[in-house]
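A.B. asks: Take this structure first; my questions come after.
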């Protein structure tokens, strides 16, 4: 398995770091000619819809893979790598770490209520506090621990860009001070689900290390045997910390069809063929809201899944997203029984997420919705 030293631009906050967006790989004309031939025999409604997309909406897109009702509906590649290329989807990795936690929990080696500091007795943390001693696995899965860690705030002590400057990333998280709640910020007990959301890559890095401690296996090896092998995934490129810990918070590169198969697991109640990869209860719990994101957009958060509303046909449907910098998305949409993968090279662009979401909502979701008789309001 390929090991690559991690670069400090793995997840979503490099939108604010000045990382240069990569060059568009193909102009629109070539993109449409190669992937969406107009009125081609056997052309799908998805192909027709994507052919209508504007150049700006498709710029930087490297692949689109769509599954519905467990079958491949569309598969298009717009870069030189094609179907066999692995693509770095940055923070979409976090959801993979959530899946691995679910497998360990089903095995009985890990629990939702397990206290994080107990896995690192050798570490004497800075800023000791009893509240830090009570941080659990579920707190890290829901981005709601008491640590002062906010990747969306460049002033945050726990911002991921600060983590990349030191050697011990897990120690970085364990040393963080307790988070403050000024009058304009909702405390956990006053928040929906009793949790105050704060996006924290360092916490998920630490969760990956906890999984290693609980299972006695390196995260990449545990993933290879227990998650990837049942799905037939044999190409995975992990990033690693300076101390050699697999980066559970971002940077894992997989093929686009592998990403689709990971999303499909949640629609198939955790099963891949005859293999129960993780429990059906975990599949359901991961997609349920456990924290509210207080930014006015109506977003919620599951177990390392974004929960986001989309409009289609006069209805509002709820999708669950694995999401990474550049607008990289794996969109699990239960109402239409579909999985949509959009990979891009729009790293560091402030509107990258919105661009991919427009592409999905405007061109892809209406076809999926129509295929299911108009869908169901959620």
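Residue numbers (the numbering used here): 31 to 408. Backbone N, C-alpha and C fix where the C-beta goes; we use that ideal spot for every residue, glycine too.
1. Per DSSP, residue 98 is paired with what?
2. Helix or strand or just coil, what does DSSP make of residue 149?
3. Can you list, in chain order, the residues of its chain whose CB lies under 7 Å from that of residue 320, leaving out five sequence neighbours each side?
4. For residue 125 and residue 238, which I take to be in contact (beta-carbon distance under 8 Å), what is that distance rounded to the nearest angstrom?
5. On the three-pair Cβ rule with 8 Å, is the region 157 to 164 touching the region 196 to 215?
6. Where does residue 339 fall in DSSP's three states?
7. Should residue 196 go down as buried or exposed, given a rule of 16 or more other Cβ atoms within 10 Å for buried?
8. Helix or strand or just coil, what does DSSP make of residue 333?
9. Given 8 Å as the limit, is there contact between the region 284 to 301 and the region 258 to 269, that is, 3 or more CB pairs closer than that?
10. Any idea what DSSP makes of residue 107, helix, strand or coil?
11. Express the C-alpha separation of residue 375 and residue 89 in angstroms, rounding to a whole number.
12. Taking all protein chains shown into account, do 16 or more other C-beta atoms lie within 10 angstroms of the C-beta of residue 57, making it buried, or fewer, making it exposed?
13. Examine the Cβ distances between the region 370 to 389 and the region 84 to 103 and report whether three or more of them are shorter than 8 Å.
14. Taking the straight line between their C-alpha atoms, what separation do you get for residue 51 and residue 179?
15. Out of 247, 98, 85 and 84, state which residue places its alpha-carbon closest to the alpha-carbon of residue 395.
16. What span of residues does the alpha helix (DSSP H) with residue 268 cover, start to end?
17. Within the region 151 to 223, note down every full alpha helix (DSSP H) run reaching 4 residues or more, in order along the chain.
18. If you check the beta carbons only, do residue 252 and residue 129 fall under 8 Å apart?
19. Should residue 350 be labelled buried (16 or more other beta-carbon atoms within 10 Å of its own) or exposed?
20. Let me know the secondary structure DSSP gives residue 263 once reduced to three states.
C.D. replies: In short:
1. 101 and 368
2. helix
3. 172, 223, 225, 331, 332 and 333
4. Actually they do not touch by this definition, with Cβ atoms about 12 Å apart.
5. yes
6. strand
7. exposed
8. coil
9. yes
10. strand
11. 9 Å
12. Confidence in residue 57 is poor, its pLDDT being 33 and thus under 50, which makes the residue's placement too unreliable to answer from.
13. yes
14. Reliability fails at residue 51, whose pLDDT of 29 lies under 50, so the model's placement of it is uncertain and no value is given.
15. 98
16. No alpha helix (DSSP H) contains residue 268, which is instead part of the beta strand (DSSP E) from 268 to 270.
17. 160 to 163, 167 to 171, 190 to 193 and 199 to 204
18. no
19. buried
20. coil
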